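Report on the structure given below.
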Amino acid sequence: MLTLLRNQKVRGILFQLLTVIGLVAFLWYIGVNTLTNIEQRGIQTGFGFLNGTAGFGIDQSPIAYTEENTHGRVFIVGLLNTLIIAMAGIVFATLLGLLIGVLRLSKNWLISTLARGYIDFFRNIPLLLQILFWYNVVLRAMPSPKQSINFFDMFFVNNRGLYFPLPDYNTTFFAMVASLGIALIGIVALNMWANKRKEESGEDFAVVPYAFGLLVLLPIVAYFLSGANLHFSIPELKGFNFKGGKTLSPEFLALTFALTIYTATFIAEAVRSGIEAVSHGQKEAAVSLGLSPYQSLKFVVMPQAIRIAIPPIINQYLNLIKNSSLATAVGYPEIVTVFAGTSLNQVGQAVEIISMTMLVYLTISLLVSAFLNWFNHKMKIKER
Amino acid sequence: MIFRSKLAKVSLATIAILGICSTTLSADTLGEVQKQGFVKCGVDGGLPGFSEVGSDGIYKGIDVDLCRAVAAGVLGDAKKVKYIALNAKERLTALQSGEIDILSRNTTWTQTRDTTLGLNFTGVTYYDGQGFMVNKKLGVKSAKELDGASICLQTGTTTELNVADYFRTNKMKYKLVSYDTNDQVLKGYESGRCDVLTSDQSQLYGLRIKLAQPDDSIVLPEIISKEPLGPVVRQGDDKWFDIVKWTSYAMITAEEKGVTSANVDAMLKSDDPDIKRLLGSEGQMGENLGLKKDFAYNIVKQVGNYGESFEKTVGMGSPLKIARGYNALWNKGGLQYAPPFR
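Line order of the protein sequences matches chains D and X.
Heads up, the first sequence is in this note's numbering, so the first residue is 505 and it goes up one at a time.
Heads up, the second sequence is in this note's numbering, so the first residue is 159 and it goes up one at a time.
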């Protein structure tokens with residue numbers, strides 16, 4: 505027995521086994537203990553509450569929702585709102601981050617200093633404070649609905665949000681959307697063909713003007729072919745608020761704004777470090793090959809910089825998704841606010857609801873990171 | 159045996175943790191309160207008249223008085239309370255998890271809360287109803303004219319359920335703007351994010367005096383719900399439940415019998431058997447609850463009777479100036495009634 509224990513391999517397996525048993529026992533104990541305590545106190549358990557009527561209203565919902573819907577539907581509305589805010593944040597933060605990251609490396613002293621000042625300032629202030637700041641700024645600075653700031657009688661801005669016209673969903677609208685889709689597919693195909701031609705013959709093909717033409721012309725053709733029948737529902741002041749069109753609430757705007765500005769600083773730094781990590785010799789080689797500065801950026805620096813920058817940017821996307829739960833501070837109805845907040849309070853089953861909410865963030869984050877890891881793997885230099 | 163690998167240390171630590179984590183919450187709140195020497199009381203903390211930190215840094219309000227009364231009855235000193243400010247979302251979970259001993263935070267007694275949460279309401283300390291506050295400039299005279307309005311309210315309350323019901327029954331539409339705390343609700347209303355602020359009527363008056371221009375806002379006449387507010391304790395500790403319940407009853411009985419904080423010492427010599435039993439010079443009322451004989455004496459002496467507490471915190475002696483209404487004693491046209499001390 506003692507000799508067996510002295511065998512390093514056996515000992516290793518034994519301790520791993522003990523750890524696994526210990527961990528399982530620990531989790532099992534926590535579970536049983538929680539359930540016993542809950543039962544002793546007479547608190548309801550189980551997921552039956554998901555079928556119960558919610559009874560409260562939600563202001564912004566991408567799907568139809570009324571007070572008579574269930575807590576299960578509240579969960580879905582919250583989830584969708586979380587995805588919407590995360591998506592908006594990721595898109596804008598990436599665009600802004602790329603821009604600032606490149607500006608940060610500009611040779612122009614003023615531009616690079618401004619970009620640096622922006623990064624240093626917004627990166628070092630807690631996100632929650634920024635959200636509250638922008639929310640209060642938006643609310644205080646904007647006029648009441650009756651004194652709305654008016655753009656062409658179509659767009660309105662006031663302290664209830666940003667109002668803009670929305671096309672009615674009819675044949676013309678769908679035809680134009682479909683034609684845009686076809687135009688995009690066409691552009692991708694054109695690009696692939698141009699690349700192939702360049703590889704074979706070395707001749708450049710200017711894709712941009714054709715792409716632009718496709719994007720503009722196809723929808724116009726579709727508009728006339730489908731009967732030129734495009735109507736917009738235009739927001740109008742009726743009673744207390746605007747009706748018609750689409751609204752972006754101050755909560756949504758403030759949250760998107762704060763998340764974008766905050767996360768963009770980190771993305772900018774990732775981009776900058778990616779570009780700076782490309783060895784100087786590469787740039788010199790590009791110059792000595794006779795590439796223009798633009799060509800050297802496009803064909804030599806960027807492909808290498810992006811590879812280095814992707815992993816830290818993935819982290820920032822994941823942070824942004826998790827940070828969107830701070831929405832609860834301003835009352836934007838995402839999953840933490842409506843489901844882990846209002847629903848939890850109405851049914852009082854904290855263990856179930858909080859677990860579900862945690863699972864949502866875990867799933868979203870794992871999916872995003874799985875996708876981006878795949879993307880990263882694909883982009884990586886293939887060493888053969 | 160030598161533990162070379164990191165793994166070995168981790169497994170030992172896991173086993174050690176297992177040994178530590180085997181405590182369950184006991185159901186002897188009274189014993190715990192006596193041992194720790196103070197009552198942990200969950201309050202709002204930012205609601206004038208109910209629970210608010212005064213300019214002197216001391217908690218005040220009708221909800222706070224209940225906490226002080228329990229401390230006076232159980233520990234003999236009304237100051238031995240630890241206040242924990244909670245928002246509407248946190249409050250019930252805080253009580254369930256044992257973070258507080260009593261929840262005295264203008265909480266509406268509803269069937270669902272009473273039956274499914276493992277909690278018990280000990281009674282009603284304030285009969286309230288939900289109302290609406292609007293800016294005078296809107297020219298709205300009745301809640302029936304609020305079709306299409308944006309409404310600010312505190313999330314995690316019965317309020318948002320009542321609003322939904324009211325607008326649905328009256329076939330009106332509304333836009334909901336919900337915040338975590340009353341302070342945020344007020345900020346939203348003041349900055350014009352919403353047209354209407356809805357809450358229990360008592361709170362509306364309390365919030366109105368916090369506005370920069372209180373006179374610009376009016377409280378609409380409609381009351382759309384019943385909101386009996388009362389203290390809450392955990393289910394399964396009947397002893398503690400009885401103590402909190404009879405603390406409120408002691409304050410009501412004291413008012414009924416004319417015993418006040420000023421005359422309670424003189425009342426000790428009273429010939430009225432009801433007063434004698436209440437103040438402990440006769441009978442076993444304190445002992446029955448597991449407390450000292452003079453528990454009610456301490457409550458009245460240090461906190462006052464129900465009427466005193468009401469007038470000082472929300473009534474005519476306060477900036478809120480709320481009339482007694484339903485909260486008058488049963489023999490004065492109200493609903494406040496205590497079973498006999500016998």
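Where a beta carbon is used, it is the ideal one built from N, C-alpha and C, also for glycine.
Note that the structure is a prediction, hence the values are computed from the model and not measured.
| message | Would X:I376 and X:G287 be called neighbours here (beta carbons separated by less than 8 Å)? | response | No, Cβ-Cβ distance for X:I376 and X:G287 is not below 8 Å.
| said: Tell me which residues of the region 309-320 of chain X have at least one Cβ-Cβ distance to chain D shorter than 7 Å, keeping chain order. | reply: Within the region 309-320 of chain X, T313, G314, E318, L319 place their CB atoms closer than 7 Å to a CB of chain D, listed in sequence order.
| task | With DSSP collapsed to three states, give me the class of D:Q808. | result | helix
| Within 8 Å of chain X by C-beta, residues of the region 606-640 of chain D in sequence order | N640
| message | Quick check on the burial criterion: 16 or more other C-beta atoms within 10 angstroms. Buried or exposed for X:K299? | response | It counts as exposed.
| message | Going by DSSP in three states, X:D286 sits in which element: helix, strand or coil? | response | strand
| Neighbouring residues, chain X, relative to D:R577 (Cβ below 8 Å) | Per Cβ cutoff of 8 Å: no residues; D:R577 is ~14 Å from chain X at best.
| request: Look at D:S828 and D:I589 and say whether their C-beta atoms are less than 8 Å apart. | output: yes
| task | Please list, in chain order, all residues of the same chain as D:I738 whose beta carbon is under 7 Å from its beta carbon, the five residues on each side excluded. | result | M658, P669, G748, G749
| request: Determine the direct distance from the alpha carbon of X:P477 to that of X:Q494, and round the result to whole angstroms. | output: Whole-angstrom Cα-Cα distance: 23 Å.
| Any idea what DSSP makes of X:S308, helix, strand or coil? | In the structure shown, X:S308 sits in a strand (DSSP, three-state: E or B).
| field | Under 8 Å between C-beta atoms of X:G203 and X:E210 | value | yes
| query | Hey, how far is the Cα of X:G448 from the Cα of D:I858? | reply | 38 Å
| For X:I220, which of helix, strand or coil comes out of DSSP? | DSSP, reduced to helix, strand and coil, places X:I220 within a helical segment of the structure shown.
| message | For a cutoff of 8 Å on Cβ pairs, would you count D:Q544 as touching chain X? | response | yes
| said: Check for me: the alpha helix (DSSP H) holding D:A833 runs from which residue to which? | reply: From DSSP, D:A833 is part of no alpha helix (DSSP H); its letter is neither H nor E.
| task | Mind checking the region 659-686 of chain D against chain X and listing, in chain order, the residues whose C-beta falls within less than 7 Å of any C-beta there? | result | N663, R664
| field | Paired residues, beta bridge with X:M291 - DSSP | value | Answer by DSSP bridge pairing, in chain order: X:L355, X:V377.
| DSSP-derived helix/strand/coil call for X:G215 | coil
| Considering only C-alpha positions, which residue in the set X:E348, X:Y284, X:G256 is nearest to X:K294? | X:E348
| query | If you measure from the beta carbon of D:R644 to each beta carbon in chain X, is any gap under 8 Å? | reply | Yes - at least one Cβ of chain X is within 8 Å of the one on D:R644.
| said: Run through chain D and tell me which residues come within less than 7 Å of X:K393, C-beta to C-beta. | reply: In the sequence on display, residue 393 of chain X carries Gln and not Lys. Those are R545, G546, listed as they occur along chain D.
| field | Closer than 8 Å to chain D by CB, X:V472 | value | no
| field | Beta-carbon spacing of D:G785, D:A809 below 8 Å | value | no
| query | Would you say D:F655 reaches chain X, if we count a Cβ-Cβ gap shorter than 8 Å as a contact? | reply | no
| query | D:I490 by DSSP, collapsed to three states: which one? | reply | With chain D running from 505 to 888 in the structure shown, residue 490 of chain D is simply not present.
| query | Is there a Cβ from chain D that is less than 8 Å from the Cβ of X:T172? | reply | Since pLDDT at X:T172 reaches only 46, below the 50 mark, its modelled position is unreliable, and the value read off the structure follows with that caveat. At least one chain D Cβ lies under 8 Å of X:T172.
| said: Give me the chain D residues within the contact set of X:L322, using Cβ-Cβ distance strictly less than 8 Å, ordered along the chain. | reply: First, the residue type needs correcting, since residue 322 of chain X is Ala and not Leu in the sequence shown. Within 8 Å Cβ-Cβ: G559, F560, G561, E571.
| query | Where DSSP assigns a beta bridge to X:R392, which residues make up the other side? | reply | X:L277
| request: Identify, in the order they occur along the chain, each residue of the same chain with its Cβ nearer than 6 Å to the Cβ of D:S652, setting aside the five sequence neighbours on each side. | output: Cβ neighbours of D:S652 beyond the five flanking positions: F660, N662.
| query | Where DSSP assigns a beta bridge to X:S255, which residues make up the other side? | reply | DSSP lists no partner for X:S255.
| request: Consult DSSP for D:A592 and reduce its assignment to one of helix, strand or coil. | output: helix
| Cutoff 8 Å: D:G744 Cβ touching any chain X Cβ | A quick correction: the sequence has Phe, not Gly, at residue 744 of chain D. With 8 Å as the cut-off, D:F744 counts as an interface residue toward chain X.
| said: Spatial neighbours of D:T841 within its chain, please: C-beta separation below 8 Å, excluding the five flanking residues on both sides. | reply: G582, A831, T832, G835
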